[in-house]
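Participant: This structure is in structure tokens; I'll ask about it shortly.
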Amino acid sequence: MRLVAVTGGIGAGKSTVSRALAARGAQVIDADATARRVVDPNDPRGPRVLEQIAALLGAEVLADHGSLDRERVAAVVFHDEELRHRYNAIVHPAIMRATAEEIDAHRDTEAVVVHEIPLLTADTAALPWTYDLIVTVEADAEARVRRLQDGRGYTREHAEARVRAQGGEERRLAIADVVIRTDGSPADTEHRADELWRRLST
40 MRLVAVTGGI GAGKSTVSRA LAARGAQVID ADATARRVVD PNDPRGPRVL
90 EQIAALLGAE VLADHGSLDR ERVAAVVFHD EELRHRYNAI VHPAIMRATA
140 EEIDAHRDTE AVVVHEIPLL TADTAALPWT YDLIVTVEAD AEARVRRLQD
190 GRGYTREHAE ARVRAQGGEE RRLAIADVVI RTDGSPADTE HRADELWRRL
240 ST
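The following block contains the structure:
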């Protein structure tokens, strides 16, 4: 197994790069999908994690059918750093355990495994797995804002706030083995994905 992190800020194009690698044969572990799964009431971890979140943020962050209302959570924690840290202290351990299980499922294979993960800027030595390569996907702030407006329906103000909240690219570039910029055309991004795949599959 070769384990590759694909990281970058919101709207930078991580998913575009991950999909391009998947089309070439990579197995993709989407950190956002893992995060959604561990708060799914039908997942074995879900009820306990949801119970802890409701105790912290109030039962109003749960939808009628018992699942997590992610928009309500975001509205509560986005502007409260301390509350956000306490929320992350609940969900991150569950996400880490689930991710480790997903990675371990490929451990004894020849697969190229892409871990699509936002904001990988911390000390990766603290993770219970080791990346063979870290790919940082970048685009200028204006392109990211425009994508959030067009793709997710964000207002410009909200999109700019989300981009600002994630900080500058310097921290992401500091840990990168490969940088892919998505400011150009889709063909440019596909070309860079081809180059990366050749490196990973040889």
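Reading the sequence shown from the start, the letters are residues 40 to 241 in the working numbering. Quick reminder that beta carbons are idealized off the backbone N, C-alpha and C, glycines included.
(1) Could you give the residue range of the beta strand (DSSP E) that holds His154?
(2) To the nearest angstrom, how far is it from the Cα of Gly48 to the Cα of Glu199?
(3) Inspect the beta-carbon positions of Thr73 and Ala139 and report whether they are closer than 7 Å.
(4) Starting from Asp69, follow its DSSP beta bridges and name the residues at the other end.
(5) Provide the residue(s) that pair with Thr221 in DSSP beta bridges, ordered along the chain.
(6) In terms of DSSP beta bridges, what is Ile173 paired with?
(7) Would a C-beta distance cut-off of 7 Å place Val176 and Val67 closer than the cut-off?
(8) Return the CA-CA distance between Arg237 and Leu60, expressed in angstroms with no decimal places.
(9) Pick helix, strand or coil for Val107, following the three-state DSSP scheme.
(10) Excluding the five sequence neighbours on either side, which residues of its own chain have a C-beta within less than 8 Å of the C-beta of Val174, listed in chain order?
(11) Measure the C-alpha to C-alpha separation of Glu121 and Ile92 and round it to an integer number of angstroms.
(12) Who are the Cβ neighbours of Tyr170 in its own chain at under 7 Å, not counting the five residues just before and after it?
(13) For Leu101, which residues does DSSP report across the bridge?
(14) Tell me whether Ile49 sits in a helix, a strand or coil according to DSSP, three-state version.
(15) Along the alpha helix (DSSP H) that carries Gly85, what are the first and last residues, could you check?
(16) Taking contact to mean at least 3 C-beta pairs separated by less than 8 Å, is the region 93 to 110 in contact with the region 121 to 135?
(17) My guess is that Pro167 and Ala70 are in contact by the Cβ rule of under 8 Å, so how many angstroms apart are they, rounded?
(18) Give a yes or no on contact between the region 75 to 91 and the region 99 to 119, applying the rule of three or more CB pairs nearer than 8 Å.
Facilitator: For this structure:
(1) Val151 to Glu155
(2) 12 Å
(3) no
(4) Glu155
(5) None; Thr221 has no bridge partner.
(6) Ala44
(7) no
(8) 10 Å
(9) In the sequence as presented, Val is not what sits at residue 107; that position holds Leu. DSSP places Leu107 in strand when its eight states are reduced to three.
(10) Val43, Ala44, Val45, Thr46, Val56, Ala215, Asp216, Val217, Val218, Ile219 and Leu235
(11) 14 Å
(12) Leu42, Val43, Ala44 and Thr163
(13) Leu107
(14) coil
(15) Gly85 to Leu96
(16) yes
(17) In fact, because the Cβ distance is near 14 Å, the residues do not count as touching under 8 Å.
(18) yes
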